[in-house]
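Protein chains in written order, with our numbering: chain S, 35 to 439; chain D, 9 to 271. Just so it is clear, CB atoms sit at the ideal spot from N, CA and C, and this is done for glycine as well.
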Amino acid sequence: MDPKNSFKQKAKEARDKKAIYGDDIDLTKYSNPQPHIHKEIDDLSDLKSHKNLKILRKSGFSENDSRVSGSYLQYDFDTICHKNNDSGVEVLPIDVALEEYSDWIQDYWWKNIAIDTDKFTANTELNMTRGYFIRAKAGAKITYPLQSCLFISRNFGAQNVHNIVIAEEKSDIHIITGCATSAKAGLHIGVSEFYVKEGAALTFTMVHNWAENFYVRPRTVTTVAAGGKFNSNYIALEPVKSLQLFPTTILKEDATARYNSILYGHPNTIMDVGGKVILEGNGARAEVLSRAVSAGGKIIARGILDGKASGIKAHLACDGLILAESGIIHAVPELIADRPDLEMSHEASIGKIGEDQLNYLMARGMTEEEATDAIVRGFLSIDITGLRPEIAAELEKMTTLPKGY
Amino acid sequence: MLKIENLKVEVTDEPDKVILDDLNLNIPEGEVHVLFGPNGSGKSTLLQTIMGFPAYRVLEGSILFRGEDITNKSITERAKLGLGISMQRPPNIPGLKLQKLAEFLVNQRRETTAEIGYIAKKLEMREFLSRDLNVHFSGGEIKRSELLQLLLQAPKFILLDEPESGVDIQALKLIGEMTNVLLGTSPRQPTYPWDKSRGGLVITHTGHILDYIHVDRGHVMCHGHIGCSGTPSRLLDDIRNLGYPECAKCHRFTSKDLSLKIT
Ligand SMILES: Nc1ncnc2c1ncn2[C@@H]1O[C@H](COP(=O)(O)OP(=O)(O)OP(=O)(O)O)[C@@H](O)[C@H]1O
Ligand SMILES: [Mg+2]
Chain S
35 MDPKNSFKQK
45 AKEARDKKAI
55 YGDDIDLTKY
65 SNPQPHIHKE
75 IDDLSDLKSH
85 KNLKILRKSG
95 FSENDSRVSG
105 SYLQYDFDTI
115 CHKNNDSGVE
125 VLPIDVALEE
135 YSDWIQDYWW
145 KNIAIDTDKF
155 TANTELNMTR
165 GYFIRAKAGA
175 KITYPLQSCL
185 FISRNFGAQN
195 VHNIVIAEEK
205 SDIHIITGCA
215 TSAKAGLHIG
225 VSEFYVKEGA
235 ALTFTMVHNW
245 AENFYVRPRT
255 VTTVAAGGKF
265 NSNYIALEPV
275 KSLQLFPTTI
285 LKEDATARYN
295 SILYGHPNTI
305 MDVGGKVILE
315 GNGARAEVLS
325 RAVSAGGKII
335 ARGILDGKAS
345 GIKAHLACDG
355 LILAESGIIH
365 AVPELIADRP
375 DLEMSHEASI
385 GKIGEDQLNY
395 LMARGMTEEE
405 ATDAIVRGFL
415 SIDITGLRPE
425 IAAELEKMTT
435 LPKGY
Chain D
9 MLKIENLKVE
19 VTDEPDKVIL
29 DDLNLNIPEG
39 EVHVLFGPNG
49 SGKSTLLQTI
59 MGFPAYRVLE
69 GSILFRGEDI
79 TNKSITERAK
89 LGLGISMQRP
99 PNIPGLKLQK
109 LAEFLVNQRR
119 ETTAEIGYIA
129 KKLEMREFLS
139 RDLNVHFSGG
149 EIKRSELLQL
159 LLQAPKFILL
169 DEPESGVDIQ
179 ALKLIGEMTN
189 VLLGTSPRQP
199 TYPWDKSRGG
209 LVITHTGHIL
219 DYIHVDRGHV
229 MCHGHIGCSG
239 TPSRLLDDIR
249 NLGYPECAKC
259 HRFTSKDLSL
269 KIT
């Protein structure tokens with residue numbers, strides 16, 4: 035059978051399969067976007083007068099072309115901009131890449147993730163609304179970050195994107211991807227398959243800026259070949275209805291992974307966020323860190339380290355801060371090991387803001403709100419590795435907390 | 009400037025644990041007083057009560073600051089009125105850079121951030137500005153960081169809890185001189201808002217800080233009560249020569265029971 039047909043067949047069989055984590059979603063409530071609605075832009079600077087510029091910036095997307103190695107901007111279905119500024123990198127809409135690289139791309143298509151993982155992966159295969167293809171060429175050290183943004187503009191609109199990122203041997207790239215919206219309600223599903231080849235380094239920073247009635251279900255799996263490095267930063271500070279993601283990374287020999295998650299749970303928000311690292315190769319290393327603040331929302335912070343080889347070192351840490359009576363944080367750290375010659379650990383802590391901390395800052399003249407803000411901001415500022423200074427500065431702006439918690 | 013009358017204070021979380029009792033203290037405008045007293049006598053408790061820390065509850069009496077009753081005011085209100093404190097054991101605030109707090113303090117006074125660099129340099133604290141507040145600071149570094157913050161806050165009345173304890177001899181000179189600047193007793197720092205009307209209350213065990221600052225009067229605290237007041241150097245001599253137990257036997261010493269008021 036033609037593989038395309040077998041993909042569709044599998045997807046159809048799994049179209050109602052519930053996900054392991056997160057509440058179920060009625061996908062029929064959301065409409066898939068049609069192509070050719072949004073006009074392409076010729077130049078990033080055209081965004082200067084764009085009505086959503088503020089939201090784009092807040093999601094890490096800059097209209098300044100000189101500081102990025104490439105850009106990908108998708109509105110609903112339409113890719114309104116894709117370009118590379120660096121010969122070492124390639125950015126394409128996924129359907130273009132599928133055609134252009136039809137001779138080899140099947141090695142990366144539904145290879146990390148099974149189509150029938152759940153209804154969300156199945157639905158992405160059945161109703162794909164594009165996505166991006168990003169590749170750093172072998173040996174290319176990409177100086178500037180590559181930026182992407184997936185934007186939903188229609189109320190009750192859906193996005194079911196399928197993304198592929200390949201960091202070829204010994205390449206080094208940082209991708210900042212924002213997901214954002216100007217609508218109030220919607221659904222975002224993103225299947226992302228990342229391949230970090232031997233000795234390559236991929237830093238992937240994802241910023242989610244959704245809205246009160248958004249359902250979000252990313253599905254990400256990364257394989258890191260021998261000696262590769264994967265840094266994954268995830269930042270979600272804005273309101274969202276229900277967010278569930280559980281990115282999985284498979285590490286080969288001497289590969290490393292580091293996850294940082296920064297979560298802020300507004301009232302009426304459920305965030306079920308975590309990650310799993312499978313340490314398959316000898317000497318693999320992983321660090322999974324998360325900081326969660328609940329201002330009334332429910333946050334489930336999961337983490338699984340699965341050690342399968344010798345000389346592994348891995349650590350899982352989750353710190354939670356509850357600001358409001360109605361807030362819930364549930365930390366679920368898990369370690370799995372079936373051999374003695376490895377080292378894995380976890381720690382978790384949940385608490386409220388220390389009264390002594392508040393008093394101390396208030397004695398310096400801060401109001402209780404100002405002191406709370408300063409402490410929470412401090413708590414959320416994890417030292418994010420692999421960030422170039424200018425992005426770190428951008429990030430600091432991003433971690434400026436929304437008002438009114 | 010600061011007037012405390014018949015103050016009775018208990019630990020908020022442990023009602024009936026009275027730490028300060030029948031405490032009276034009057035510090036006139038622009039004066040700096042020093043507070044002696046054995047460990048556990050209630051000195052830090054007094055400073056924190058003046059600042060309004062909720063760990064302590066005022067049962068009786070009142071605290072007046074520049075004529076205004078602040079007994080029931082919040083910490084923030086007291087700070088905004090011009091009270092400032094250096095803590096014996098300040099808490100860690102991970103992720104909050106000293107620089108960020110410093111910026112808040114100068115903004116609050118509508119000053120420019122240039123002052124931060126200037127004072128940090130004086131206190132040899134420049135590289136600490138990028139550190140998380142108090143996290144892994146050594147004992148001496150905590151003292152300098154507290155002093156830095158207070159210099160930027162520029163309160164009218166300053167509560168110093170053992171500003172020189174645990175400080176090496178060289179740093180003592182630095183801390184002493186900068187404390188002098190802070191208390192407004194030195195006109196030698198042109199960029200600093202020198203203010204003769206500043207007052208303060210300073211806790212010291214060793215008295216070393218007194219080599220650098222001018223204090224007007226001293227008090228000895230025993231069992232949560234000010235037993236004796238007088239010239240700081242004389243009090244310190246007596247404590248050194250006789251020790252606190254003997255000191256308490258002195259005819260000048262008042263206890264609550266005897267209720268003698270001798271100055
Ligand atoms: N929050 C508290 N809870 C319980 N006991 C307390 C509390 N604060 C102070 N105390 C007790 O009150 C007494 C006075 O404490 P305080 O810290 O004021 O003493 P101090 O005079 O500053 O002593 P030192 O010279 O050792 O610093 C001590 O016995 C102390 O244990
Ligand atoms: Mg003390």
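Exercise. Mind checking whether L10 (chain D) and I35 (chain D) have CB atoms under 8 Å apart?
Worked result: Yes, Cβ-Cβ distance for L10 (chain D) and I35 (chain D) is below 8 Å.
Exercise. By Cβ distance below 8 Å, which residues in the same chain neighbour E232 (chain S) in space, the five residues on each side in sequence not counted?
Worked result: Annotation for E232 (chain S): E203, K204, A259, A260, G261, G262 place their beta carbon closer than 8 Å to its own, counting only its chain and skipping 5 residues before and after.
For this session: Would you be able to state if there are at least three C-beta pairs under 8 Å between the stretch 388 to 405 of chain S and the stretch 356 to 364 of chain S?
Result: In short, these stretches do not touch, since the Cβ pair count stays below three.
Problem set entry | Under 8 Å between C-beta atoms of F413 (chain S) and L350 (chain S) | Against a cut-off of 8 Å, the Cβ pair of L350 (chain S) and F413 (chain S) comes out as no contact.
Problem set entry | For I296 (chain S) and I416 (chain S), the rounded distance between their alpha carbons | C-alpha of I416 (chain S) to C-alpha of I296 (chain S): approximately 8 Å in a straight line.
Problem set entry | Test item, CB below 7 Å from any non-hydrogen atom of ligand 2 | Taken from the N-terminal end onward, the list reads D:K51, D:S52, D:Q96, D:D169, D:E170, D:I211.
For this session: Would you list the one or two residues that DSSP bridges to K44 (chain S)?
Result: BP columns for K44 (chain S) are empty, so no partner.
For this session: Just the chain S side, please: which residues come within less than 7 Å of L159 (chain D) by C-beta, in chain order?
Result: Correct list: empty, because the minimum Cβ distance to chain S is about 12 Å.
Exercise. Contact check, I150 (chain D) vs G92 (chain D) under 8 Å by CB: the rounded distance?
Worked result: With a beta-carbon spacing of about 16 Å, I150 (chain D) and G92 (chain D) fall beyond the 8 Å limit used to define contacts.
For this session: Step through the CB atoms of chain S and report whether any lies within less than 8 Å of the CB of G147 (chain D).
Result: When Cβ-Cβ separations below 8 Å define contact, G147 (chain D) makes no contact with chain S.
Problem set entry | Per-residue DSSP class, three states only, for L72 (chain D) | DSSP places L72 (chain D) in strand when its eight states are reduced to three.
Problem set entry | Same chain only: Cβ atoms within 6 Å of I338 (chain S), ignoring 5 sequence neighbours per side | If we look at I338 (chain S) and ignore the five residues flanking it on each side, its Cβ neighbours are K310, E368.
Exercise. Are G251 (chain D) and S237 (chain D) touching if we call contact CB-CB under 8 Å?
Worked result: Judged by their CB atoms, G251 (chain D) and S237 (chain D) are not nearer to each other than the 8 Å cut-off.
Exercise. Taking the alpha carbon of H144 (chain D) as the point to measure from, which residue in D:V40, D:G69, D:K105, D:E111 has its own alpha carbon closest?
Worked result: Of the candidates D:V40, D:G69, D:K105, D:E111, the one whose C-alpha sits nearest the C-alpha of H144 (chain D) is D:K105.
For this session: Evaluate R164 (chain S) with the Cβ neighbour count: other Cβ atoms within 10 Å of its Cβ, from every protein chain shown; 16 or more gives buried, anything less gives exposed.
Result: By the neighbour-count rule (16 or more Cβ atoms within 10 Å), R164 (chain S) is buried.
Exercise. Is the Cβ of G220 (chain S) closer than 8 Å to any Cβ of chain D?
Worked result: In terms of beta-carbon proximity, G220 (chain S) stays away from the interface with chain D, with every pair separated by 8 Å or more.
For this session: Verify the contact flag: N243 (chain S), CB atom, against every heavy atom of ligand 1, threshold strictly below 7 Å.
Result: When distances are taken from the beta-carbon of N243 (chain S) to the heavy atoms of ligand 1, even the shortest one reaches 7 Å or more.
For this session: Express the C-alpha separation of P62 (chain D) and N393 (chain S) in angstroms, rounding to a whole number.
Result: Their Cα atoms are separated by approximately 8 Å.
Problem set entry | Where the stretch 377 to 401 of chain S meets chain D: residues whose CB sits under 8 Å from a CB there | Within the stretch 377 to 401 of chain S, contact with chain D at the beta-carbon level (separation under 8 Å) is assigned to G388, E389, D390, Q391, N393, Y394, L395, M396, A397, R398, G399, M400, T401.
Problem set entry | Coil, strand or helix - A179 (chain D) by DSSP | DSSP places A179 (chain D) in helix when its eight states are reduced to three.
For this session: Please check if any C-beta of chain D sits within less than 8 Å of the C-beta of R411 (chain S).
Result: Chain D, which has a Cβ nearer than 8 Å to the Cβ of R411 (chain S), makes this yes.
For this session: Label E76 (chain D) either buried or exposed according to how many other C-beta atoms from any shown protein chain fall within 10 Å of its C-beta, with 16 as the threshold for buried.
Result: The residue in question, E76 (chain D), is exposed, as its Cβ has fewer than 16 Cβ neighbours within 10 Å.
Exercise. Where in the stretch 373 to 417 of chain S do unbroken runs of the beta strand (DSSP E), each at least 3 residues long, occur, reported from the N-terminal end onward?
Worked result: Runs found: 377 to 385.
Exercise. To the nearest angstrom, how far is it from the Cα of W144 (chain S) to the Cα of V123 (chain S)?
Worked result: Their Cα atoms are separated by approximately 22 Å.
Problem set entry | Cutoff 8 Å: I127 (chain D) Cβ touching any chain S Cβ | Output row for I127 (chain D): interface = no.
Exercise. Okay, do the stretch 206 to 215 of chain D and the stretch 34 to 54 of chain D touch, 3+ Cβ pairs below 8 Å being the bar?
Worked result: Touching, yes, given that three or more Cβ pairs across the two stretches are closer than 8 Å.
Exercise. With respect to the beta strand (DSSP E) encompassing G148 (chain D), which residues constitute its N-terminal and C-terminal limits?
Worked result: Segment 147 to 161 is the alpha helix (DSSP H) holding G148 (chain D); no beta strand (DSSP E) there.
Exercise. Thinking C-beta only, is L182 (chain D) closer than 8 Å to V273 (chain D)?
Worked result: Beyond the ends of chain D as shown, which are 9 and 271, falls residue 273 (chain D); an answer cannot be given.
For this session: Answer yes or no: does any C-beta atom of chain D fall closer than 8 Å to that of A270 (chain S)?
Result: It does not; no Cβ of chain D falls within 8 Å.
Exercise. Hey, quick one: how far does the beta strand (DSSP E) through E124 (chain S) stretch, first residue to last?
Worked result: DSSP places E124 (chain S) in the uninterrupted beta strand (DSSP E) bounded by 123 to 127.
Exercise. Quick one: is S52 (chain D) buried, meaning 16 or more other Cβ sit within 10 Å of its Cβ, or exposed?
Worked result: Buried, because 16 or more other Cβ atoms sit within 10 Å of the Cβ of S52 (chain D).
Exercise. Of all Cβ atoms in chain S, is any one closer than 8 Å to the Cβ of F61 (chain D)?
Worked result: Yes, its Cβ sits closer than 8 Å to a Cβ of chain S.
For this session: Verify whether the separation of the beta carbon atoms of L87 (chain S) and L81 (chain S) is less than 8 Å.
Result: Yes, the Cβ-Cβ distance between L87 (chain S) and L81 (chain S) is below 8 Å.
Problem set entry | Cβ-Cβ separation, I198 (chain S) to I7 (chain S) (assumed contact under 8 Å), whole Å | Residue numbering for chain S in the displayed model covers 35 to 439; residue 7 (chain S) lies beyond these limits and cannot be assessed.
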